[in-house]
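Notes to accompany the following structure.
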Amino acid sequence: MQAWSCERVGPAAAVLRFSEWPTPDPLAGEVRGRVPWSGVNPADVKSRAGLRRRTLPFERIIPHSGGSGVIDAVAVRAHEAVEAGSLVGNLVLRVGD
494 MQAWSCERVG PAAAVLRFSE WPTPDPLAGE VRGRVPWSGV NPADVKSRAG LRRRTLPFER
554 IIPHSGGSGV IDAVAVRAHE AVEAGSLVGN LVLRVGD
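Here the sequence shown stands for residues 494 to 590, numbered as in our numbering.
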């Protein structure tokens, strides 16, 4: 998988790095989503720039507060309603029965 990430706060040009990552396998109770396009929101910019706190909340972050994709792998004990090929957000947006 490919992603922009940062390991410290600062100006985008100084801290963002584009790199190749191993595609993780979902652990028990998890699903994995393929996200071909991801939005960077003002909250992502503020976190990366250090305007919300002086350090990152994790060792490395991938700025991504919004995006769309498809669940492409389901591990054991994941919610029974989630299947490979489901659109990300279906369960969140479901209304009624």
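We treat Cβ as the ideally placed atom computed from N, Cα and C, and that holds for glycine. Treat the numbers as computed from the prediction; the structure is a model and nothing was measured.
Straight across, the Cα-Cα distance linking residue 508 with residue 569 is about 37 Å. Residue pairing by DSSP places residue 567 opposite 524 in a beta bridge. Cβ atoms of residue 505 and residue 555 stay farther apart than 8 Å, at about 14 Å. The beta carbon of residue 553 lies closer than 8 Å to those of 498, 499 and 500 in the same chain, with the five residues before and after it left out. For residue 550, the secondary structure class from DSSP, reduced to helix, strand or coil, is coil.
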